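Notes follow once the structure below has been shown.
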Amino acid sequence: MRRAWPLASLALAVLAVSAEAAEVKVFVTGASKAITQSLAESYRARTGHVIILTADTAGGVAKRVEAGESFEVAMATKGVVNDLIAKGKLATGSHADIASTSIGVAVKEGAPKPDISSVDAFKKTLLAAQTVAYVDPASGGTSGIYIAQQIEKLGLTEALKPKLRLQSGGYVAEKVAKGEAEIVIHQVSEIIPVKGVTIIGGLPAEIQLVTTYSGGLAPNASEAAKAFLAYLTGPDADNVLKTAGMEKPKP
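All residue numbers for the sequence shown refer to my numbering, where the first residue is 1334 and numbers rise by one.
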């Protein structure tokens, strides 16, 4: 994990309650929204600073940053953050890995749990399903792009086309909860917050994708923003990550 600011200094900034509360604008992906929201609340309790979140897909976050929208912290996939730093859109050295999550499969609560224990079983389950939901790849969502690629590799693109229920970001599992889709394939951290669905497991190991989400700072980021990014990688995040179906990225 790389940072341009000494961790000790940032930790002190986190623990110090400011005389004047600042507002910190943060771009965040759907996969990391729940943990960021939770940690934003505890950060505000410690410092008085208010975190204002704008959620989008990883591709959407990149577009917002490149378009010059106002922000101080941008959170997206590791590759997107590194790319924005390389382009000078985020501060050099501000990259920080925050959390990792994998892709899961879920059905409506109480519904039969289909077999996804192997690639072949997963393929048969998709073919047997009436409807399948995931993030629309065109929206720039990490899982949607990857799932579409895997469906193509499995030779299922044409067979599944009429069954697909795509959504441009957000909690796609809500389609299953509302009865609009039979199965949802999405990142675990974006399924857990949705009530009325049951995760039946992750993608088979051979086609699983573990995504690391990172953060970076705007070139003119305030001390409050720098401290918040450090807070997201600190010990207070551990339990929040676990509850949300995420974990600390491996070195």
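Where a beta carbon is used, it is the ideal one built from N, C-alpha and C, also for glycine.
Every value quoted in this text rests on a predicted model; they were computed, and no experiment measured them.
| Check | Outcome |
| --- | --- |
| C-alpha distance - Ile-1480 paired with Ile-1525, whole-angstrom precision | 19 angstroms |
| Distance, Arg-1379 Cα to Val-1350 Cα | Note on Val-1350: pLDDT 46, under 50, position unreliable in the model; the coordinate value appears next. One C-alpha to the other measures close to 6 angstroms. |
| Buried versus exposed, by CB contacts within 10 Å (16 or more), Ala-1454 | exposed |
| Ala-1577 (DSSP reduced to helix, strand or coil) | coil |
| Cβ neighbours of Lys-1411 in the same chain (closer than 6 angstroms, five flanking residues each side left out) | Thr-1545, Ser-1547 |
| Whole-angstrom distance between Ala-1492 and Lys-1441, CA atom to CA atom | 23 angstroms |
| Presumed contact (8 angstroms Cβ cut-off) between Ala-1373 and Glu-1523, rounded CB distance | At roughly 18 angstroms, the Cβ-Cβ gap does not stay under 8 angstroms, so Ala-1373 and Glu-1523 are not in contact. |
| Burial state of Ala-1439, where buried means 16 or more other Cβ atoms lie within 10 Å | buried |
| Those runs of the alpha helix (DSSP H) which lie wholly inside the region 1411 to 1477 and span at least 4 residues | 1411 to 1419, 1452 to 1461 |
| Rounded Cβ spacing between Val-1530 and Ala-1514 (contact assumed at less than 8 angstroms) | Not quite, the Cβ-Cβ distance comes to about 10 angstroms (not below 8 angstroms), so this is no contact. |
| 7 angstroms Cβ cutoff, Val-1530 in contact with chain B | No chain B appears in this structure, which consists of one protein chain only. |
| Reduced DSSP category for Lys-1511 - H, G, I as helix; E, B as strand; rest coil | coil |
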